[in-house]
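Please read the structure below before turning to the comments.
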Amino acid sequence: MDLEQRACQVGSRRKLLGLSLCAVALATVAGGASPAPAVAQFTDVTAAAKIAFKHTSGAAGKKFLPETMGSGVVVLDFDGDGWPDLFFANSKSWPGAPGAQPVSALYRNNHDGTFADVTRAAGLAVPLYALGGAAGDYDNDGLVDLYVTCLGANHLFRNLGQGKFADVTAKAGVGDPGFSTSALFFDYDKDGRLDLYVANYVTWSIEKDLFCTLDGKRKSYCTPESYKGQSGTLYRGRPDGTFEDATEKAGVKNPSAKALGIAILDFDGDSWPDLFVANDTQPNRLYRNGGNGTFKDVAVAAGVAFGETGVARAGMGTDAADWKGTGRPGLVVGNFSNEMIGLYQNEGNGLFVDEAPASGVGAASQLSLTFATFFFDVDLDGQLDIFAATGHVADDIGAVQPKVTHAQKPHLFRALGGGRYEDVAPRAGAALQRAVVARGAAHLDFDRDGDLDLVVTTNNGPAYLLRNDGGNRNHGLRVKTVGTRSNRDGIGAVVTVSVAGGRVQQAVVKSGSSYCSQSELPVTVGLGTAVKADVEVRWPSGRVDRVAGAAADTTVTIQEEKGAIDIAPWPRR
Numbered sequence: 030m031d032l033e034q035r036a037c038q039v040g041s042r043r044k045l046l047g048l049s050l051c052a053v054a055l056a057t058v059a060g061g062a063s064p065a066p067a068v069a070q071f072t073d074v075t076a077a078a079k080i081a082f083k084h085t086s087g088a089a090g091k092k093f094l095p096e097t098m099g100s101g102v103v104v105l106d107f108d109g110d111g112w113p114d115l116f117f118a119n120s121k122s123w124p125g126a127p128g129a130q131p132v133s134a135l136y137r138n139n140h141d142g143t144f145a146d147v148t149r150a151a152g153l154a155v156p157l158y159a160l161g162g163a164a165g166d167y168d169n170d171g172l173v174d175l176y177v178t179c180l181g182a183n184h185l186f187r188n189l190g191q192g193k194f195a196d197v198t199a200k201a202g203v204g205d206p207g208f209s210t211s212a213l214f215f216d217y218d219k220d221g222r223l224d225l226y227v228a229n230y231v232t233w234s235i236e237k238d239l240f241c242t243l244d245g246k247r248k249s250y251c252t253p254e255s256y257k258g259q260s261g262t263l264y265r266g267r268p269d270g271t272f273e274d275a276t277e278k279a280g281v282k283n284p285s286a287k288a289l290g291i292a293i294l295d296f297d298g299d300s301w302p303d304l305f306v307a308n309d310t311q312p313n314r315l316y317r318n319g320g321n322g323t324f325k326d327v328a329v330a331a332g333v334a335f336g337e338t339g340v341a342r343a344g345m346g347t348d349a350a351d352w353k354g355t356g357r358p359g360l361v362v363g364n365f366s367n368e369m370i371g372l373y374q375n376e377g378n379g380l381f382v383d384e385a386p387a388s389g390v391g392a393a394s395q396l397s398l399t400f401a402t403f404f405f406d407v408d409l410d411g412q413l414d415i416f417a418a419t420g421h422v423a424d425d426i427g428a429v430q431p432k433v434t435h436a437q438k439p440h441l442f443r444a445l446g447g448g449r450y451e452d453v454a455p456r457a458g459a460a461l462q463r464a465v466v467a468r469g470a471a472h473l474d475f476d477r478d479g480d481l482d483l484v485v486t487t488n489n490g491p492a493y494l495l496r497n498d499g500g501n502r503n504h505g506l507r508v509k510t511v512g513t514r515s516n517r518d519g520i521g522a523v524v525t526v527s528v529a530g531g532r533v534q535q536a537v538v539k540s541g542s543s544y545c546s547q548s549e550l551p552v553t554v555g556l557g558t559a560v561k562a563d564v565e566v567r568w569p570s571g572r573v574d575r576v577a578g579a580a581a582d583t584t585v586t587i588q589e590e591k592g593a594i595d596i597a598p599w600p601r602r
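Numbered according to the numbering used here, the sequence shown spans residues 30 to 602.
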């Protein structure tokens, strides 16, 4: 056993850091080869955090397609106390099944490493065949609201304050009745009110369920190719808190879509938010915002519609970020097994290039079926890493593809610089060695120690809260945005962080991304060894606010037109 492995067995973060540093020192003294850089360790703290959520798919042997899809998780600060809370989307049993129907779950952060289930008190104990959701303050009242995607009508829950929500779906006009998966809030027309995009999958019902098989005998789960697609829905926010269906008028209607993942990005740098849609077995869409309330699909010309063979891949979750440090957002897209993850670099001329094969991400993910995936800086070194939650849809896949399994281990791709990545999950703690049938995932700093933790959901199984231990060895900065002329959450704001030496990073305040999930709204930027940074926030309104010399290891709250209104140090480490 090497020294780094011994360090990984030590429970406390302080000891972990000390032993990791000792390992480097002893190896140097011994004259041996330098060990691999210390990797942040992820510890399963689900039970200690008192999270007991378990997803119910309804599976009872009939192998209905929706059983394979759920579920997602949404990170939101519903009570406004500055600590991230968790909403887990739950499905339910099929009609006629005995017993009470399960419900989704809302967990409030207790500030001490534990959570409390407040679902019923919040008014969210409603049986739905829920798949995911998104959070955003759609009415700009200072309270974050919750949108839940479902098989059947979706639901918008307005935050009333005092820990209570009310179902305002009918009044708001956003009860999309399809087979919805991911959703996100954004302000595509920059009028200061949040709009909503909902990804829809296929046309399916129990009555129209098809018999599919892998071995010619037993029923297996059908692929989406067996069913007709459904267009996503774009809802435009009105001043009175209602929404209008702007799908066709805005030019984003696509009846052949089978969408699972969506992300916002300003890929052409014109300050208008564009929309990427990852489709399953259909071409992906990249909708360029024309700045006049309409979009144009440019995915084919941009090189993101198809895989490198010219065939549509099975797109799952997705995220957008400036992962290569060029000042331009690229994309990561989870795909089916034998297709590898897509990792797109934005060339700045309207073209994207999939660098997954050359980056190290492609080969490592070849046999994985990746649902949730996103960028985040796991060790605060200033480079964006990638997390991928994996798990197959067919529980009998091993019978026809022995090298592919139903339950799979996740990937944690650590940035090495120069566009190269290494999957360090095998060295990142026992929690990432567990093979699960993962679906949703998100990042959050649930214990407010500066580094980003993970929450992962599984299909027809438990959720996991994984604490990042040792990821805060470097310095970082956390930025929370409060809009005034722009939407209250500051969704769509571009946060630029500059440190001595000229290194510049950009992050966008965003809803959605991942798969059926949403990470926390405040952005965390790694500073490496830098102890201060200059921060610029470019708001959707066009307003720019700046904070000079912000101290590292703090959370800076920036309000539009006022600048920094609060600077809170992270707990001492």
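Beta carbons: idealized from backbone N, C-alpha and C, even for Gly. All of these numbers come straight from a predicted model, not from anything done at the bench.
Determine the closest residue to residue i out of the options, with distance taken between C-alpha atoms.
i	options	result
residue 558	464, 94 and 528	528
residue 521	514, 511, 539 and 506	539
residue 135	176, 122, 125 and 572	176
residue 591	560, 512, 534 and 541	512
residue 272	202, 470, 588 and 584	202
residue 93	151, 240, 199 and 173	240
residue 370	400, 380, 353 and 378	400
residue 373	387, 493 and 251	387
residue 284	327, 308, 132 and 467	308
residue 363	382, 291 and 297	291
residue 335	381, 351, 296 and 319	381
residue 182	120, 172, 218 and 128	120
residue 502	563, 411, 566 and 467	411
residue 160	230, 545, 269 and 91	545
residue 124	115, 118 and 156	156
residue 368	555, 310, 112 and 127	310
residue 572	213, 68, 377 and 221	221
residue 404	438, 554 and 467	554
residue 268	359, 379, 170 and 332	170
residue 305	347, 276, 247 and 337	347
residue 173	494, 587, 551 and 244	551
What's the gap between the Cα of residue i and the Cα of residue j?
i	j	result
residue 324	residue 167	22 Å
residue 255	residue 504	50 Å
residue 208	residue 447	40 Å
residue 321	residue 589	24 Å
residue 249	residue 542	29 Å
residue 138	residue 77	13 Å
residue 146	residue 194	15 Å
residue 506	residue 409	9 Å
residue 391	residue 451	11 Å
residue 353	residue 131	43 Å
residue 441	residue 562	27 Å
residue 585	residue 455	34 Å
residue 48	residue 111	Unreliable placement is indicated for residue 48, whose pLDDT of 32 sits below 50; no coordinate value is reported for it.
residue 594	residue 580	14 Å
residue 276	residue 286	13 Å
residue 260	residue 560	48 Å
residue 75	residue 378	45 Å
Compute the distance between the beta-carbons of residue i and residue j, then report whether it is under 8 Å.
i	j	result
residue 266	residue 224	yes
residue 178	residue 210	yes
residue 279	residue 294	no
residue 101	residue 469	yes
residue 97	residue 122	no
residue 471	residue 484	yes
residue 228	residue 288	yes
residue 508	residue 523	no
residue 500	residue 481	yes
residue 583	residue 568	no
residue 516	residue 238	no
residue 72	residue 577	no
residue 603	residue 427	Nothing can be reported for residue 603: it is not among the residues displayed for the chain, which extend from 30 to 602.
residue 298	residue 357	yes
residue 107	residue 165	no
According to DSSP, residue i sits in a beta bridge with which residue or residues?
i	result
residue 110	The partner list for residue 110 (beta bridge, DSSP) is empty, contrary to what the question assumes.
residue 440	417
residue 193	190
residue 165	174
residue 105	114
residue 248	242
residue 484	471 and 494
Just list the alpha helix (DSSP H) runs in the region 333 to 418, keeping only unbroken ones of 4 residues or longer that don't cross its boundaries, in chain order. Listed in chain order, the complete alpha helix (DSSP H) runs (minimum 4 residues) inside the region 333 to 418 are 385 to 388 and 390 to 393.
Could you pull out every unbroken alpha helix (DSSP H) segment of at least 4 residues lying fully inside the region 262 to 335, listed in chain order? 328 to 331
Threshold first: 3 residues or longer. Then list the beta strand (DSSP E) segments lying entirely within the region 493 to 573, N to C. Listed in chain order, they are 493 to 498, 504 to 511, 523 to 527, 533 to 537, 552 to 557 and 561 to 567.
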